[in-house]
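Protein sequences appear in the order of chains R and G. Residues in the first sequence are numbered from 1 upward in steps of one, following this note's numbering. Residues in the second sequence are numbered from 1001 upward in steps of one, following this note's numbering. For every residue, glycine included, the Cβ atom is placed at its ideal position computed from N, Cα and C.
There are 2 protein chains.
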Amino acid sequence: MLIMRQTFDETTDPSFGPRHVPLIRKAMAEQGLDALVIPHEDEHQNEYLPAANDRLAWATGFTGSAGAAVIFRDKAAVFVDGRYTLQVRDQVDEKLFEIRDLVDGGVPAYLEAVAAPGQAIGYDPRLHSPDALGHLRAAATKAGAELKPVAVNPLDAAWGAQRPPQPAAPVVPHPLEYAGEESASKRLRIGKAVAARGADVAVLTSPASIAWLFNIRGGDVIRSPLPLAQAILEKDGAARLFLDPRKVTPDLPAWLGNQVRLETPDDLDAALADLAGRKVLVDPAQSPAWFFEALEKAGAVVGRAEDPCILPRACKNPTEIEGARRAHARDGAALTRFLHWLAVEGETSPPDELEVVARLEAFREQTGALKDLSFDTIAGAGPNGAIVHYHPSTRLNRRTEKGSLLLLDSGAQYLDGTTDVTRTVAIGTPSPEMAQRFTLVLKGNLALARVRFPAGATGSALDVLARSALWAHGLDFDHGTGHGVGSYLGVHEGPHRISKAPNSVALRPGMIVSNEPGYYKEGAYGIRIENLQVVTEAAAIPGGERPMLGFETLTLAPIDRRLIDLDLLTAEERAQLDAYHARVLDIVGPQVPADVRAWMNEACAPL
Amino acid sequence: MLIMRQTFDETTDPSFGPRHVPLIRKAMAEQGLDALVIPHEDEHQNEYLPAANDRLAWATGFTGSAGAAVIFRDKAAVFVDGRYTLQVRDQVDEKLFEIRDLVDGGVPAYLEAVAAPGQAIGYDPRLHSPDALGHLRAAATKAGAELKPVAVNPLDAAWGAQRPPQPAAPVVPHPLEYAGEESASKRLRIGKAVAARGADVAVLTSPASIAWLFNIRGGDVIRSPLPLAQAILEKDGAARLFLDPRKVTPDLPAWLGNQVRLETPDDLDAALADLAGRKVLVDPAQSPAWFFEALEKAGAVVGRAEDPCILPRACKNPTEIEGARRAHARDGAALTRFLHWLAVEGETSPPDELEVVARLEAFREQTGALKDLSFDTIAGAGPNGAIVHYHPSTRLNRRTEKGSLLLLDSGAQYLDGTTDVTRTVAIGTPSPEMAQRFTLVLKGNLALARVRFPAGATGSALDVLARSALWAHGLDFDHGTGHGVGSYLGVHEGPHRISKAPNSVALRPGMIVSNEPGYYKEGAYGIRIENLQVVTEAAAIPGGERPMLGFETLTLAPIDRRLIDLDLLTAEERAQLDAYHARVLDIVGPQVPADVRAWMNEACAPL
C-alpha cells in the first residue's frame, strides 16, 4: 500500500481519562481550583486542532470536532452533540466521565447544577471567546461559585513533556494567480471597513482571516493550510503580523511588503499595550477572552464586532472562482477514475473501506497537484454509512458487500481551490427502497441546485428545498444541508450556511456552499449526495422583473444512475440531471484514460 | 344600497396636520416640552384602534395601520413603512411634515439627528412598550436630549372636546360551544405556565389575550370583537379583571365565576401597588412602559417574558377548529354566490369597486351569522389591485373593465370563526401574461398547501415554497406569505407567521395561518390567492419514519380557472387543484341556490 496522508490508527483510547485526569486534578489542587473547564477550542478557535492543542482528547479520549469537559475533584463530565453520542461511548471511560449533551443545557447547566457555593472553577482565558465565557460566568454565579482565570493551564502543566511540540510549518506566499487580489488591496478594503465601524485598528486572531488577508498559507493545522498567527490591522491598511520566526520562509518578508511588520508571538503583549487609548475592533465570537482582558487592561477602547475579513473572504473573486472550477475539474477526474475502478473492482472483489480510502487518495495524488486532503475521507460501507460522522479505522473497517451501499465523502486541498464531494454508490444491485430513498435525496439536491432567488435570501430560507421531497415521504435527515467552503482554506467556512437553524446572512455572489442532503437508515445504510456550488448572478430571465441569484455547480462526478427510481423524477428533474451529466462528460471525459471514458459514456448517458 | 358596515368616506384629510399641530404645540409648550413622540399604538397596543385612540390620524391625517410622528416646535415628521409610501403623500400635508421611513432608522435615527442637546422630548408611557422605548431613549441620549414621560398627553389635551368618547361596547360571554375550553381550565393552565417561569402573577394588557382567557368578547375595536381591559392572573388561576362598568352585561359576572373579581379601570393603580414584593410577569413587547414603571415603583419583582396566553391561544382546540370549518363553509358559500353574481354581472355591466364591496357584504349579511367584517374589504380593480394595502373609497373608486383583473381580499367575523380570503378574478378575457403570472402565484399557493414538515419547522423555513415558482421567472412579491388568524378574534394574530423575515416560532397543530402569495404589476394589475389553512398532524405516510405535520385548507371558494395556464402546472398540481375544487363543490354546493350551483359545476370542474 502507498504511504498515505490519511491514517487509520486511533490516536486515543478510553484509558486516556483514567491515566490523565489524576494528573490534571493534581495540577488543579496546586492552583487551589475545585474544577477546570476544558473546551475543544484552542487559542485560535480552530475547528481542526494541532495535536499539541487537542487538550480535550488528551484529557478524555474523545476526538470529535466539537465538545467540552469539566473536571471536578470528585466528578467529571464530557459534553458532546448529537453527532457524537455513539462515538463518545466508544472513546471515553464512562466510569470516570458522565456523558452530557453539549447543546441542551451544555456546560453552563452542568455548572449551575453541580458547582457548590464558594468553589473556584478554573478556565483558561486563551481558550474561551467572551461570548462562550459569558454563559459560563452566569452559571457559576447562579451556583454561588467563582469562575477563575488561570495564568498557566493546569492541563498543560499536567501534560508536560508528553505534550507534542507546537507546530511550526513554513508559511509561504499564496500567489496572485490563485488569490486574485493583492494583499495591499485587501488590507486597504478591510481597513476602510474597520474605520467605517468607528475603530482605528482591528485585532485578528483567526488563522483563516490572516491567511486570506495577507495572501499566505501555512501548515500548522492538519487538512487546512492555516498559519497559526495573530495580526493587528490599522485602518490605513498597515499591519503587524505575529509569526513564530521558525515559520518565516525566505521569500515571505518581501512578499508581505513594507506595510506589514513581521514580529514574533512574544511581541504580542507589548503590541496590545501599544493600543492604549485607541479604538480597537475585536470579534467576541472569534477571539479568546484573553485579548479583551489584555486590551481593556492596556486602556484601549474595545469595540465588539464580527471579524471584518469574514464576509469579504466568503465572497470569492473571479480568480478564485476560476480556480475553483479548475480544482473541481481535476478533482472530479480523480474521483471519476475511482468510481470506474470501484465499478470494475466492486463487481469482482468488493473492497473494504480502507482500500476505498487508499485508492481514492492515490487517484488524487496522481493529479500531481494535491496539497492535502480537505478532511479525512469518510467511507461508510453498509451500516457504517448511516453513522453521519463515521471515520474508517483499522478497528471499524468493513468490507463492501453485494446489495449494499457505499457512502463516500471526501475532498482535497489544491492551490487553486478546496473540494468536498459525496457520492453514494451501489455495490451490486440496490433494493427498491434504497433507490426510492436515493431518488428523494437527489430531488432535494437538484431543487437546491436549480433555485433562483433574490438578493437577501438566506441559506435558512432555501433549506426546505433540499428536504421537502423527503418530508413528503415522512423522512428527513439530521444535519445541515450546506456549509461554506474556503479557497485553499478551511473546508468549513462561515458566515453563510444552509440549514434549518435560523441564519441571517444573505447569500451573495461568489460564496461557495455545499449542497448535501442525505438519508440514514440506522443499522442498514446511509445516503448523501454532495456537490459544491457557487452563488452567481443568474442570467436574465425572459419576462423577469427582478435580478435573481442562482448557483453554478462546481463539483463534477457521475451520480449513480443505478440508484435512481425514474418514476419519482419530473421531466424537469430528468433534464436537469442529464444536463449535469453531459457537463461532467464534457469536462472530465478528456482528462481520463480511454477505459474510464468508455465507462463514463454509460455512467453519464441521459436517463 | 344597503346600510353597510364598511364605509367609503375618508375620515381624515391633509388639513388635519395644519389644523391640529398648532394645538398640540401649544399644549407641549405648556408642559415645557420641545418635542412629542406620537406612536400609532394605543394603550392596548392594538392593530386596529378605536377612533378615540387614533392619535396619529388626528395629528397628521395618516390612517395606515402602522406608523409614528414626531412634532418639534419648528419641525415635524411622519414615519411610515414601504406599504404606505403612496398613501401617506395623499393624506399628509408635506409642507408641515417630512416623510421618513419607519423601518430604516425610524424615529430613533430621526431623534438622534435632529434633537438638540438639552431638549425635552415628551412621550406618553401608556403608549410605548419598553422594547420600543429603549431605542428612543438611546437615541435621545446620543443627541444629548432628554426623553420625558408626560402625565397628561399634550395631544389628548389639545384634542379635548373634539375627541370621540372611549368605546364602551357590551362585553358578553363567548360560549363553550365556540371556545371549546372553560375559562377556569385555561386560567389553571396559564397559571401553571406563569409559575413555571418563576412568577406569582401575570399582568395581561392584550385585549386578545384577555378575550381568549376569560372566554369573553367585546366590541370596542372595529373589525375584531375585542374588549379593552386589563387583567391580573394569579398562578392558581384566580384573576382580577379591570373592565369599564358600562360594558358589563347582566350575565357576565356569573359567566366569569367567583374566581374572577370584576373591578374598574380606576382600581388598576391600587391593584398594581398590591403586587409589592411579588414576582410579576409582564410582556415587554406587549405591555406599555407605564406598567413596568408602576410595578417597579410599587416594589414588585418584574419578570419580562412573552404574554403566556399568546402561544396557547394560537393553537386552536378541536372545537375551535370545527368552528373554523363551519365558518369557512358558510363564508365560502357567501363568497361563491358573489363570484357567481360577478361572473353574470361582470359579463354584462362590469361593477365598480364600491358595488363589489357592497354586494359581497350583502351576501355575507344574508348568512344571518355575520358579526362583523374581519377587515375592510380590499377590492382593487385593474391598477388599484397592484396597490397592496389599497382600500376603495368614494374618491378612488374604479370600475372593473373587460380584459382586466379584480383583486378581492375580504373576511368575516362569525361566532364560530374568523375568515380571510383573497380571490383574483378575470373580467372578460385575461391576457396571456396575466394567466402566466396567476399560475405562478397558484403554484406557490399549492406548494405551501401540500407541504409535509417535521415538528420544529417555522414559517420562515416554509416561505420559499410560496415564492420559488415566481423566483424561477424573475418575479417576487413584497409582503409576507402568511399570518396567524384568531378564532372570532383578530384576523392578524401571532406568534407564528410565514415570511422571509426570520421567525423562531415553530408551527404547531391547531395554528391557523394564511397562505397568500401574490404578484403586483404597478399601474396594471394585482394578483393574490389566499386561503386559510390549519396545521394538522399529517396522516401516517406509508414507509414514512417520522411524524409529520401538514395543513388542512379551511377556505372554500372557486379559484378562477380562466386564469390558469395549464402548461405551467405539473400533473401533481392539477390533481391537487382538482381535489380542492371537488371539495369546494361538495361542501359549498349544497348551500347555494340552483343557478349558483350550476355555475359552480363549471367553475369547479376538473382542469
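For the beta strand (DSSP E) containing residue i, name the first residue and the last one.
| i | result |
| --- | --- |
| VAL1425 (chain G) | 1421-1427 |
| GLU1537 (chain G) | 1531-1537 |
| ILE24 (chain R) | Element bounds for ILE24 (chain R): not the beta strand (DSSP E) but the alpha helix (DSSP H), 16-30. |
| LYS521 (chain R) | 518-521 |
| GLU263 (chain R) | 260-263 |
Would residue i be called buried (16 or more neighbouring beta carbons within 10 Å of its own) or exposed?
| i | result |
| --- | --- |
| GLY1543 (chain G) | exposed |
| ARG1395 (chain G) | exposed |
| THR429 (chain R) | exposed |
| VAL1103 (chain G) | exposed |
| ASP1269 (chain G) | exposed |
| ASN215 (chain R) | buried |
| LYS235 (chain R) | buried |
| SER1185 (chain G) | exposed |
| THR1348 (chain G) | exposed |
| VAL1152 (chain G) | exposed |
| ARG1073 (chain G) | exposed |
I need the straight-line Cα distance from residue i to residue j, nearest angstrom please.
| i | j | result |
| --- | --- | --- |
| ILE609 (chain R) | ARG137 (chain R) | With chain R running from 1 to 607 in the structure shown, residue 609 (chain R) is simply not present. |
| LEU49 (chain R) | SER287 (chain R) | 16 Å |
| PRO39 (chain R) | LYS371 (chain R) | 30 Å |
| TYR84 (chain R) | TYR519 (chain R) | 17 Å |
| LEU111 (chain R) | PHE1242 (chain G) | 44 Å |
| ASP1627 (chain G) | LEU1440 (chain G) | Any answer about residue 1627 (chain G) is impossible in this case: the structure gives chain G only from 1001 up to 1607. |
| THR419 (chain R) | MET511 (chain R) | 14 Å |
| ILE71 (chain R) | ALA35 (chain R) | 5 Å |
| ALA1343 (chain G) | GLU322 (chain R) | 58 Å |
| PRO954 (chain G) | ARG1126 (chain G) | This structure cannot settle anything about residue 954 (chain G), because the visible part of chain G is limited to 1001 through 1607. |
| HIS1340 (chain G) | ALA1457 (chain G) | 39 Å |
| ALA1426 (chain G) | SER1404 (chain G) | 6 Å |
| ASP331 (chain R) | ALA369 (chain R) | 10 Å |
| GLY299 (chain R) | ASP274 (chain R) | 9 Å |
| TYR580 (chain R) | ALA1540 (chain G) | 35 Å |
| PRO165 (chain R) | GLU43 (chain R) | 15 Å |
Give me the chain R residues within the contact set of residue i, using Cβ-Cβ distance strictly less than 7 Å, ordered along the chain.
| i | result |
| --- | --- |
| MET1511 (chain G) | Correct list: empty, because the minimum Cβ distance to chain R is about 18 Å. |
| ASP1476 (chain G) | PRO454 and ARG546 |
| HIS1473 (chain G) | ILE541, GLY543 and GLY544 |
| SER1504 (chain G) | PRO502 |
Strictly below 8 Å CB to CB, what residues from chain R border residue i?
| i | result |
| --- | --- |
| LYS1500 (chain G) | GLY456, ALA457 and ALA461 |
| THR1570 (chain G) | THR570 |
| ALA1143 (chain G) | Simply none; closest approach about 17 Å. |
Closer than 8 Å to a non-hydrogen atom of the ligand ATP - does that hold for the CB of residue i?
| i | result |
| --- | --- |
| PHE551 (chain R) | This structure lacks the ligand ATP, and indeed carries no ligand of any kind. |
Name the chain R residues that come within less than 9 Å of residue i, Cβ to Cβ?
| i | result |
| --- | --- |
| GLY1257 (chain G) | The premise fails here: GLY1257 (chain G) is roughly 40 Å from chain R at the closest Cβ pair, so nothing lies under 9 Å. |
| SER1431 (chain G) | What SER1431 (chain G) touches in chain R: nothing, since even the nearest Cβ is about 12 Å away. |
At a CB-CB cut-off below 9 Å, which residues of chain C make contact with residue i?
| i | result |
| --- | --- |
| VAL596 (chain R) | Of the protein chains in the structure, R and G, none is chain C. |
Name the chain G residues whose beta carbon is nearer than 9 Å to that of residue i?
| i | result |
| --- | --- |
| LEU465 (chain R) | VAL1464, LEU1465 and SER1468 |
| VAL451 (chain R) | VAL1464, SER1468, TRP1471 and ALA1472 |
Specify, as a first and last residue, the run of the alpha helix (DSSP H) that residue i falls within.
| i | result |
| --- | --- |
| ALA1298 (chain G) | 1289-1298 |
| THR319 (chain R) | 318-348 |
| TYR1580 (chain G) | 1571-1588 |
| PHE551 (chain R) | No alpha helix (DSSP H) contains PHE551 (chain R), which is instead part of the beta strand (DSSP E) from 549-553. |
| PRO1130 (chain G) | 1130-1142 |
Segments of 3+ residues assigned as beta strand (DSSP E) that fall wholly inside the region 59-123 of chain R: 68-72, 76-80, 98-101 and 120-123
Alpha helix (DSSP H) runs wholly inside the region 144-186 of chain R, at least 4 long, in chain order: 154-159 and 176-179
Entirely enclosed alpha helix (DSSP H) segments - the region 1411-1497 of chain G, minimum 4 residues: 1432-1450 and 1459-1472
Continuous beta strand (DSSP E) assignments of at least 3 residues falling wholly in the region 374-410 of chain R: 378-381 and 404-410
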